[in-house]
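Asker: Just add 2 to the spot in the sequence shown (first one is 1) and you have our numbering.
Glycine included, each C-beta is placed from N, C-alpha and C at the ideal position.
Starting off with a structure, shown below.
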Amino acid sequence: MKRLAKWRLLPLFAVMALLAGCGEPFLSALKPAGEVAQMQYDLMLLSTAIMVGVIVVVTIIFIIVVTRFRRKNDNEIPKQVEGSHKLEMIWTIIPILLLLILAVPTVAATFKLADVSPMEKKGEDGKTEAVVVKVRANLYWWEFEYPNEEILTSQDLVVPTDEKVYFELKASDVKHSFWIPAVGGKMDTNTENVNKFWLEFDGKASDEAGSLFYGKCAELCGPSHALMDFKVKALPRDEFDQWVAAAKAVKEPKQAETAQAQAGQEVFNNSCIGCHAVTPANSTPEQARMGPNLTDFGNRSRVAGVLEHNEENIKKWLKDPEAIKPGNKMTGKYNLSDEEIDAVTEYLMGLKVQ
């Protein structure tokens, strides 16, 4: 009966295996949406084909040996083969050839992906021709700085499509890992050194909202590791330039328009602005970068990176951030009344970069 109970678990494992292969184009590493992702996918297919081929050949040989050379009866002893130079040569040379077939493209791809020389070439103005993004990982949110464009954002990464985008990765607290499954990559962000790599975003791959991809932290970093997401808006070059121009045009914090929003702005300036900047300038003081930059908060698709962007969820976050993201740095900093939360919510919803 115990063995029968164990066999009943097989359907459950089968369903879990099938679900593990499910995914959307903008979320799945098995549906590449860029040059890096395609290279990694091709290498994965090559290695899988080699492994499956080895398994098939070994299985066939095993079946042949078991059936052809089995002992027919108690009085018959199968032919004893002490050794074969030919077989020994075959099973030595074939693994070497398979290793070379896998190693050559892997090494070539590794060197190509490690080439970040364009981000090191700066002109007289100290800027590069390539798009460079400095990524800073924090518990549990992401900051994106554009040194050439002189702007700073959080949670939503905006990049041009169909061209190489270079990244500098660093962490401010503990080790994290930057990964956009559909586009490739996955590299650690450390506190003691800067890692660099590049990605290319395919403009043809998109979800129902447009060229939107999802990024994750791929290194266990604390109780809210699974909730450390960010969004990637991949725009055609002209639209990306328009976004940069609109962000650079924001010189001062946007003024609230309604009476309640004005009250919310006052509460924000007295309680929140010490950690959250509301201008995109990358000259933002370090003390105002303890929390995400909120310049374009009204344009975002998620609250705290995980909740649907609406007033109800903003109020939930402001009221009890620990219930949504355990271990976050905002927990316990503010004790706002319901009226203050309503006012701050309306103010935050009005923070937009057109």
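Please report the straight-line C-alpha distance between D204 and L159, rounded to a whole angstrom.
Answerer: Taking the first residue of the sequence shown as position 1, residue 204 is located at position 202. Taking the first residue of the sequence shown as position 1, residue 159 is located at position 157. Between the alpha carbons of D204 and L159 lies a gap of roughly 15 Å.
Asker: Since E348 and A263 should fall inside the 8 Å C-beta cutoff, what is the C-beta to C-beta distance between them, to a whole number of angstroms?
Answerer: Numbered from 1 along the sequence shown, position 346 holds the residue referred to as residue 348. Numbered from 1 along the sequence shown, position 261 holds the residue referred to as residue 263. Rounded, the Cβ-Cβ distance is 5 Å, consistent with contact.
Asker: Return the Cβ separation of F232 and W144 in integer angstroms, given the expectation that the two are a contact with Cβ distance under 8 Å.
Answerer: As a position in the sequence shown, residue 232 is number 230, starting the count at 1. As a position in the sequence shown, residue 144 is number 142, starting the count at 1. By a beta-carbon distance limit of 8 Å, F232 contacts W144. Their separation comes to about 4 Å.
Asker: By how many angstroms is the C-alpha of D117 removed from the C-alpha of A211?
Answerer: Looking up residue 211 in the sequence shown gives position 209. Looking up residue 117 in the sequence shown gives position 115. With a pLDDT of only 46 at A211, under 50, the local geometry of the prediction cannot be trusted, and the value read off the model is given with reservation. Computed Cα separation, rounded: 32 Å.
Asker: Going by beta carbon distance, what residues of the same chain come within less than 8 Å of R304, once the five residues before and after it are set aside?
Answerer: Taking the first residue of the sequence shown as position 1, residue 304 is located at position 302. Closer than 8 Å at Cβ, skipping near neighbours: Q157, D231, K233, E310 and H311.
Asker: Measuring only the C-alpha atoms, how far is D175 from L141?
Answerer: Residue numbering aside, residue 175 sits at position 173 when the sequence shown is read from its first letter. Residue numbering aside, residue 141 sits at position 139 when the sequence shown is read from its first letter. Their Cα atoms are separated by approximately 7 Å.
Asker: If you measure between the beta carbons of V134 and F146, is that distance less than 8 Å?
Answerer: By 1-based counting over the sequence shown, the position of residue 134 is 132. By 1-based counting over the sequence shown, the position of residue 146 is 144. Not closer than 8 Å, so no.
Asker: Residues bridged to W144 by DSSP?
Answerer: Mapped onto the sequence shown, residue 144 falls at position 142. Answer is A139, bridged to W144.
Asker: Give the secondary structure of Y168 by DSSP, where H, G and I count as helix, E and B as strand, and everything else as coil.
Answerer: Numbered from its first residue, the sequence shown carries residue 168 at position 166. DSSP places Y168 in strand when its eight states are reduced to three.
Asker: Say yes only if the C-beta of S273 is nearer than 7 Å to one or more non-hydrogen atoms of the ligand NAP, and no if none qualify.
Answerer: Absence of the ligand NAP from the depicted structure is noted, as is the absence of any ligand whatsoever, leaving it without description.
Asker: Give every residue of the same chain whose Cβ lies closer than 6 Å to the Cβ of G293, excluding the five residues on either side of it in the sequence, and list them in chain order.
Answerer: As a first step, residue 293 is located in the sequence shown; it is residue number 291 there, counting from the start. Only residues of its own chain outside the window of five on either side were considered, and among them C277 and H278 have a CB closer than 6 Å to the CB of G293, listed in chain order.
Asker: Just to confirm, is the Cβ distance from F215 to V167 under 8 Å?
Answerer: By 1-based counting over the sequence shown, the position of residue 215 is 213. By 1-based counting over the sequence shown, the position of residue 167 is 165. Cβ distance not < 8 Å, so F215 and V167 don't count as in contact.
Asker: Within this structure, are the beta carbons of D298 and K354 separated by less than 8 Å?
Answerer: The residue given as residue 298 occupies position 296 in the sequence shown. The residue given as residue 354 occupies position 352 in the sequence shown. Yes; because the gap between Cβ atoms is below 8 Å, this pair is in contact.
Asker: Tell me which same chain residues have a C-beta within less than 6 Å of the C-beta of R239, skipping the five on either side of it?
Answerer: Translated into the one-based positions of the sequence shown, residue 239 becomes position 237. The beta carbon of R239 is closer than 6 Å to those of P162 in its chain, skipping five residues each way along the sequence.
Asker: Any idea what DSSP makes of K88, helix, strand or coil?
Answerer: The residue you call residue 88 lines up with position 86 of the sequence shown. Three-state result, K88: helix.
Asker: Tell me whether G128 is buried or exposed, calling it buried when 16 or more other Cβ atoms sit within 10 Å of its Cβ.
Answerer: If you number the sequence shown from 1, residue 128 lands on position 126. Its Cβ having fewer than 16 others within 10 Å, G128 is exposed.
Asker: Which residues in the same chain have their Cβ closer than 7 Å to the Cβ of F199, if we skip the five residues on either side of it in sequence?
Answerer: Looking up residue 199 in the sequence shown gives position 197. If we look at F199 and ignore the five residues flanking it on each side, its Cβ neighbours are L115, V118, F169, G187 and M189.
Asker: Under 6 Å Cβ to Cβ from W245, same chain only, skipping five residues before and after it: list those, please.
Answerer: The residue you call residue 245 lines up with position 243 of the sequence shown. Counting only residues of its own chain and dropping the five nearest sequence neighbours on each side, W245 has a CB closer than 6 Å to the CB of V160.
Asker: Within 10 angstroms of the Cβ of E342, are there 16 or more other Cβ atoms? Answer buried if so, exposed if not.
Answerer: Numbered from its first residue, the sequence shown carries residue 342 at position 340. The residue in question, E342, is buried, as its Cβ has 16 or more Cβ neighbours within 10 Å.
Asker: Whose C-beta lies closer than 6 Å to the C-beta of F266 among residues of the same chain, with five residues either side of it excluded?
Answerer: Counted from its first residue, the sequence shown places residue 266 at position 264. As written in the sequence, residue 266 is Gly, which differs from the Phe given in the question. If we look at G266 and ignore the five residues flanking it on each side, its Cβ neighbours are A345, V346, E348 and Y349.
Asker: Nearest-angstrom Cα distance between K88 and P80?
Answerer: For the purposes of this step, residue 88 is identified with residue 86 of the sequence shown, where counting begins at 1. For the purposes of this step, residue 80 is identified with residue 78 of the sequence shown, where counting begins at 1. Distance between the alpha carbons of K88 and P80 is about 21 Å.
Asker: Taking buried to mean at least 16 other C-beta atoms within 10 Å of its own C-beta, is R73 buried or exposed?
Answerer: Mapped onto the sequence shown, residue 73 falls at position 71. Its Cβ having fewer than 16 others within 10 Å, R73 is exposed.
Asker: According to DSSP, which residues form a beta bridge with D344?
Answerer: On the sequence shown, residue 344 is found 342 positions in, with the first residue counted as 1. D344 is not bridged to any residue.
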